[in-house]
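Chains as they are written, first to last, in our numbering: chain A, 4 to 185; chain B, 4 to 185.
Where a beta carbon is used, it is the ideal one built from N, C-alpha and C, also for glycine.
Working notes, beginning with the structure itself.
2 protein chains.
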Amino acid sequence: MTARTSKRTLTTTDAAILGVLSWGPMSGYDVKKTVDSTVGYVWGPARSAIYAVLPRLVDEGLATAREVAQSQRPDKIVYRITTAGRAALKAWIEETPAPPDPNRNPLLLKVFFGDLTSPEVLADQIQARRLEAERMSEEMDRFEAEADPDDVYTALTRAWGREYARAVIRWARAAEARLRAS
Amino acid sequence: MTARTSKRTLTTTDAAILGVLSWGPMSGYDVKKTVDSTVGYVWGPARSAIYAVLPRLVDEGLATAREVAQSQRPDKIVYRITTAGRAALKAWIEETPAPPDPNRNPLLLKVFFGDLTSPEVLADQIQARRLEAERMSEEMDRFEAEADPDDVYTALTRAWGREYARAVIRWARAAEARLRAS
DNA sequence: GAAAACATGTAAACCGTTACATGATTCC
DNA sequence: GGAATCATGTAACGGTTTACATGTTTTC
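Below, the structure is given as structure tokens:
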């Protein structure tokens, strides 16, 4: 058997998919749903990306595929992570350094060229972002209440969500005040 | 004259490039340099993207191109924003809502699947990110010292940079402590 | 009986990145 | 003589968005 164990390092999308497969075998459809409700906050590949990646993982020996016939539903293909897949994911996590922050922020770009519009328009856009962040902050609080406090890893991701939302809110409040005072 | 004033809304890269062209006519090479030293912190298109976008802006009537022969340097093409270009950029800035936060964060993905590796490895990765943020924070302070305090718009972008760095640092410190204590 | 949600995928167009390619000039 | 700067582009790849395709079950 000659699976192309090509040892290329995983893309972030590969890692996200292998990650949810590490929780159990599932179809592409289920991968999508699982991603959306979990890691989707930090990496949410498109459905078509998932369907494109899964066969490639099989090709590289990182997962296996098994066709499952269904009577009440369309047939599906269930993917299962392999030992090699787990190892590749572990290697991806440990490979240092982590790619730097993306830092692509269209709103900030608007602010940067803000002199082309009015302070009010800009303040409105910033306010909208703040309201978003406030909603997100509340959502994190709700998650926090329900969550298992011993699960360090999801606790840390929630902590980042709260810290980030907080930064947005602080910045936006100050920016709105400054812009509305012109 | 039939410039295709196709009214499609600009991509973020288009906006960034039109934005620097709004400061004065320049070649693709100079656009790249200018972007890198200014808006690059929030949106830094690749060189190849710039060279691809510029002719399209001309095609759409948002900029004009003029070839300039040089004796001591390779010839170059100087682009100048048009009135339509300015209008399109203004429309992009004012179009609401601003696209939501990208939120694609490979480091957080690593944290999310952190149980596949050791707490130390994870803490090291987080520490690296913190050091990065600390460097950035200092850089912002330096910019702050040199900057014109009356320039609201760049002040606001710097303020975001500081607030963001602060959030990273606070989160990373807590995360590192929690992970190293296992 | 209709609409929405479930369930599974494919295909094409678009945006952007990294790496490849070329060649002159200036600075050390 | 080698590195950095000036100057412009192409090709291959990763990923997203949107649309196409098909059929079932649940909800109103």
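Of the residues the options, the one placed nearest residue i, counting alpha carbons only
i	options	result
residue 50 of chain B	B/33, B/62, B/65	B/33
residue 73 of chain B	B/148, B/67, B/81	B/81
residue 45 of chain A	A/185, A/162, A/26, A/184	A/162
residue 122 of chain A	B/124, B/93, B/176	B/93
residue 155 of chain B	A/91, A/63, A/125, A/27	A/125
residue 17 of chain A	A/47, A/147, A/36	A/47
residue 64 of chain A	A/25, A/115, A/87	A/87
residue 28 of chain A	A/15, A/68, A/14, A/52	A/68
residue 97 of chain A	B/137, B/76, B/110	B/110
residue 117 of chain B	B/178, B/145, B/99, B/146	B/178
residue 114 of chain A	A/151, A/159, A/182, A/137	A/182
residue 3 of chain A	B/136, B/176, B/158	This structure leaves residue 3 of chain A out entirely; chain A is present only between 4 and 185.
residue 120 of chain A	B/52, B/95, B/120	B/95
Which residues DSSP lists as bridging residue i, in chain order
i	result
residue 71 of chain B	B/79
residue 29 of chain B	B/82
Exposure of residue i, with buried meaning 16 or more beta-carbon neighbours within 10 Å
i	result
residue 6 of chain A	In this prediction, residue 6 of chain A has a pLDDT of 47, which is less than 50 and means its spatial position is unreliable; what the coordinates show is noted afterwards. The residue is exposed, with fewer than 16 neighbouring Cβ atoms inside 10 Å.
residue 174 of chain A	buried
residue 39 of chain A	exposed
residue 149 of chain B	exposed
residue 128 of chain B	buried
residue 134 of chain A	exposed
residue 132 of chain A	buried
residue 180 of chain A	exposed
residue 71 of chain A	exposed
residue 8 of chain B	Confidence at residue 8 of chain B is low in this model, with a pLDDT of 49, below 50, so the placement of that residue should be treated as unreliable; the coordinate-derived value is given next. Exposed is the call here.
residue 91 of chain B	buried
residue 85 of chain B	buried
residue 99 of chain B	exposed
residue 185 of chain A	exposed
Assigned secondary structure, residue i (DSSP; H/G/I helix, E/B strand, else coil)
i	result
residue 4 of chain A	Note that residue 4 of chain A scores 46 on pLDDT, short of 50, meaning its location in the model is unreliable; the coordinates nonetheless yield the value given after this. Three-state result, residue 4 of chain A: coil.
residue 51 of chain A	helix
residue 66 of chain B	strand
residue 98 of chain A	coil
residue 186 of chain B	Nothing in the structure corresponds to residue 186 of chain B, since chain B is present only between 4 and 185.
residue 107 of chain B	coil
residue 116 of chain B	coil
residue 40 of chain A	helix
residue 177 of chain B	helix
residue 45 of chain B	coil
residue 140 of chain A	helix
residue 58 of chain A	helix
residue 151 of chain B	coil
residue 168 of chain A	helix
residue 184 of chain A	coil
Check whether residue i and residue j have beta carbons under 8 Å apart
i	j	result
residue 2 of chain B	residue 23 of chain B	Coverage of chain B is limited to positions 4 through 185, which leaves residue 2 of chain B absent and any answer about it impossible.
residue 107 of chain A	residue 140 of chain A	no
residue 56 of chain B	residue 20 of chain B	yes
residue 89 of chain B	residue 66 of chain B	no
residue 170 of chain B	residue 143 of chain B	no
residue 112 of chain B	residue 37 of chain A	no
residue 79 of chain B	residue 25 of chain B	no
residue 137 of chain B	residue 172 of chain B	yes
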